[in-house]
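The opening position of the sequence shown corresponds to residue 53 in my numbering, with each subsequent residue numbered one higher.
Cβ atoms here follow ideal geometry from the backbone N, Cα and C, with glycine treated the same way.
Note that the coordinates shown come from a computational prediction; the quantities given were computed from them, not determined experimentally.
Written below as structure tokens is the structure these notes are about.
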Amino acid sequence: MIRYARPYRALQVAVAVVRVLPRYVLLNLRGAAGRPASPPAWDRVHLLAARQIRDLALALGGAFTKAAQIGGARADILPDPFIDVLSQFHDAVPPRPFESLRPIVERDLGKSLDAVFAKVDDRALAAASLAQVHRATLLDGREVVIKIQYPEVRRVIPLDLSMLRAVVALARFIQRRIDLRSVVTEVTRFIALEVDFRREVDATVRLGDVLADDPTVRVPAVHRELCGENVIVLEYLEGIQVTRTAEIVAAGHKLPELARRIGGLYGSMIFERGFFHGDPHPGNLLVLADGRIGLLDFGLCKELPDGFARRVAEMMISAMIGDADAALVAAGELGFDTDRLRPEHLRSLMLMMIGDRDRDESLLEILGESQVRRIPEDFALVVRTLILLNGLSHRLVPGRRLIQGELIQHLASGAKRG
């Protein structure tokens with residue numbers, strides 16, 4: 053298809069840049085001339101830029117959809133118009149016709165669909181940047197979902213990433229108040245994990261084993277014999293998406309208890325068990341009929357090094373009480389470049405992690421002020437997970453920080469064990 057050709061994708065990106073860039077330049081020139089634009093004027097330009105990103109994601113897919121998804125969850129970086137427009141990509145990416153993906157499934161299975169499935173629903177349950185999911189029934193009657201990776205992903209992603217880096221560099225030059233470098237870093241890192249379906253299968257099985265003794269959570273069983281390079285077949289979980297609060301309450305569940313269960317689950321995974329589900333956006337968390345949390349999408353599961361919780365706890369506590377030397381030692385053990393890191397930035401970072409920032413700044417701004425340009429990979433994914441959980445906590449029980457409270461309790465427990 054033409055949409056996956058290099059010239060077409062480059063042209064679409066160039067057109068979007070030309071539509072937005074002059075408006076930012078004009079507002080900057082007004083500021084330099086002593087006539088700064090009003091906040092509504094900035095919001096109008098931000099809204100135009102967000103819509104251009106949305107349109108690119110819808111037209112091109114690939115890394116642009118992933119960037120839109122990540123950007124829509126980064127209220128710590130982007131102004132409200134971006135969040136309002138891009139948050140739709142968490143669960144509203146347009147699916148493709150199943151028939152266009154059928155050959156991929158049959159190639160991985162090595163046989164026809166009819167030889168494996170009694171029924172496959174043509175309507176997608178969910179669609180994302182790299183794959184989409186369909187409900188199906190095996191010949192023996194078991195309900196499953198089929199996750200299918202889009203065929204062009206491995207071909208177009210390198211091109212998309214190079215264009216994203218170029219656009220972000222240009223945007224940073226023109227408008228320094230909005231820094232999208234961390235979004236591109238996330239896209240690059242996460243796509244490398246998510247396109248590897250065999251790794252995802254292993255991670256799903258591993259997480260199910262790790263959480264087997266936890267009565268608050270359910271990880272779907274994997275039909276490993278039906279999985280391949282581009283297809284994953286999992287047990288189907290019936291539940292309510294975690295942010296559909298009215299439905300959750302109508303089903304008899306209490307939102308504060310739900311928030312505590314989610315906080316306890318993620319606190320246990322990150323700070324005690326050392327292997328965690330790293331993508332808790334609303335589409336990946338279900339509330340099951342019995343109150344358990346159903347987890348979905350395991351491409352970002354991550355193993356954490358021994359002693360991780362202890363070092364994070366030492367850094368957090370030391371930074372909060374003003375023990376700069378101890379905080380920097382712990383940060384160095386986590387992989388930070390402590391020659392360029394100042395204690396006051398560690399304190400801001402800790403407040404961001406627990407959703408208690410005393411001023412509005414982004415993770416990149418906190419570290420950028422001290423000239424730190426690289427965040428340790430393990431720590432970066434944990435921080436992103438905690439930021440998503442902070443937002444979820446606010447949606448479930450505004451103002452009470454119940455998820456954060458559970459996370460801190462498990463951090464303390466994990467630190468003692470480490």
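My assumption, with CB atoms under 8 Å, is that Glu246 sits in contact with Leu182. Please give the rounded CB distance. For the purposes of this step, residue 246 is taken as residue 194 along the sequence shown, with counting starting at 1. For the purposes of this step, residue 182 is taken as residue 130 along the sequence shown, with counting starting at 1. Indeed, because the Cβ distance is near 6 Å, the residues count as touching under 8 Å.
Hey, quick one: how far does the alpha helix (DSSP H) through Arg469 stretch, first residue to last? By one-based count along the sequence shown, residue 469 stands at place 417. Where Arg469 is concerned, the enclosing alpha helix (DSSP H) stretches over Leu454 to Arg469.
Should Ile200 be labelled buried (16 or more other beta-carbon atoms within 10 Å of its own) or exposed? The count along the sequence shown starts at 1 and reaches residue 200 at position 148. That one is buried.
Sort out for me which residues DSSP pairs Ala66 with in a bridge. In the sequence shown, counting from the first residue as 1, residue 66 sits at position 14. According to DSSP, Ala66 bridges with nothing at all.
Per DSSP, which one or two residues make a beta bridge with Gly124? Residue 124 sits at position 72 when you count from the first residue of the sequence shown. Answer is none; Gly124 lacks a bridge partner.
Of the choices Arg313, Val69, Tyr60 and Arg296, whose alpha-carbon is the least far from that of Val97? Counting from one through the sequence shown, the residue named residue 97 turns up at place 45. Of Arg313, Val69, Tyr60 and Arg296, the residue nearest in Cα terms is Val69.
Round the Cβ separation of Asp430 and Leu352 to the nearest angstrom and send it over; I've been treating them as touching at under 8 Å. Within the sequence shown, the letter at position 378 stands for residue 430. Within the sequence shown, the letter at position 300 stands for residue 352. The pair is not a contact, with the Cβ atoms about 12 Å apart (cut-off 8 Å).
Let me know the secondary structure DSSP gives Asp173 once reduced to three states. Mapped onto the sequence shown, residue 173 falls at position 121. Note: Asp173 maps to strand in three-state DSSP.
Work out the CA separation of Leu165 and Asp192 for me, nearest whole Å. Mapped onto the sequence shown, residue 192 falls at position 140. Mapped onto the sequence shown, residue 165 falls at position 113. Looking at the two C-alpha atoms, the distance is approximately 14 Å.
Between Asp265, Asn336 and Leu386, which lies nearest to Phe360 when the distance is taken from Cα to Cα? Mapped onto the sequence shown, residue 360 falls at position 308. Considering only alpha carbons, the answer is Leu386.
Would you check if the distance between the CB atom of Met321 and the CB atom of His329 is smaller than 8 Å? To locate residue 321, count along the sequence shown from 1; it is residue 269. To locate residue 329, count along the sequence shown from 1; it is residue 277. Against a cut-off of 8 Å, the Cβ pair of His329 and Met321 comes out as a contact.
Just tell me which of His186, Leu216 and Arg148 has its CA closest to the CA of Gln64. Taking the first residue of the sequence shown as 1, we reach residue 64 at position 12. Of His186, Leu216 and Arg148, the residue nearest in Cα terms is Leu216.
Need the endpoints of the alpha helix (DSSP H) that Ala188 sits in, please. Translated into the one-based positions of the sequence shown, residue 188 becomes position 136. Element bounds for Ala188: not the alpha helix (DSSP H) but the beta strand (DSSP E), Ala183 to Leu190.
Please state the DSSP three-state secondary structure of Val274. Numbered from its first residue, the sequence shown carries residue 274 at position 222. Strand.
Taking 8 Å as the cut-off, decide whether the C-beta atoms of Val72 and Leu100 are in contact. Locating residue 72 in the sequence shown gives position 20, counting from the first residue. Locating residue 100 in the sequence shown gives position 48, counting from the first residue. Yes.
So Ser445 and Gln456 are in contact, right, with Cβ under 8 Å, and what is the actual spacing, rounded? Translated into positions along the sequence shown, residue 445 becomes position 393. Translated into positions along the sequence shown, residue 456 becomes position 404. At roughly 6 Å, the Cβ-Cβ gap stays under 8 Å, so Ser445 and Gln456 are in contact.
Delimiting residues of the beta strand (DSSP E) encompassing Gly322: Your numbering for residue 322 matches position 270 in the sequence shown. Per the sequence shown, the amino acid found at residue 322 is Ile instead of Gly. That residue, Ile322, is in no beta strand (DSSP E); it is neither H nor E in DSSP.
Taking the Cβ atom as the reference point for each residue, do Leu340 and Gly304 lie within a distance shorter than 8 Å? Reading the sequence shown from its first residue, position 288 is the one you call residue 340. Reading the sequence shown from its first residue, position 252 is the one you call residue 304. Not closer than 8 Å, so no.
Under 8 Å, do Val172 and Ala188 count as touching if we go by C-beta distance? Along the sequence shown, one-based indexing puts residue 172 at 120. Along the sequence shown, one-based indexing puts residue 188 at 136. Contact: yes.
Using DSSP's beta-bridge definition, name the partner residues of Gly346. In the sequence shown, the residue the question calls residue 346 occupies position 294. In the DSSP output, where bridge partners are listed per residue, Gly346 has Arg270 and Leu338.
Buried or exposed: Phe116, going by 16 or more other Cβ atoms within 10 Å of its Cβ? Taking the first residue of the sequence shown as 1, we reach residue 116 at position 64. Buried, because 16 or more other Cβ atoms sit within 10 Å of the Cβ of Phe116.
Roughly how far, in whole angstroms, is the beta-carbon of Pro147 from the beta-carbon of Gln184, given that I think they are within contact range, below 8 Å? Sequence index remark: in the sequence shown, residue 147 carries index 95 (1-based). Sequence index remark: in the sequence shown, residue 184 carries index 132 (1-based). Indeed, because the Cβ distance is near 5 Å, the residues count as touching under 8 Å.
For Asp310, the nearest candidate out of Arg469, Leu337 and Val220 (CA to CA): Residue mapping note: residue 310 aligns to position 258 of the sequence shown, counting from 1. In the sequence as presented, Asp is not what sits at residue 310; that position holds Leu. The candidate whose alpha carbon is nearest that of Leu310 is Leu337.
Quick one, which of Leu259, Arg75 and Arg224 has its alpha-carbon nearest Trp94's? As a first step, residue 94 is located in the sequence shown; it is residue number 42 there, counting from the start. Per the Cα distances, Arg75.
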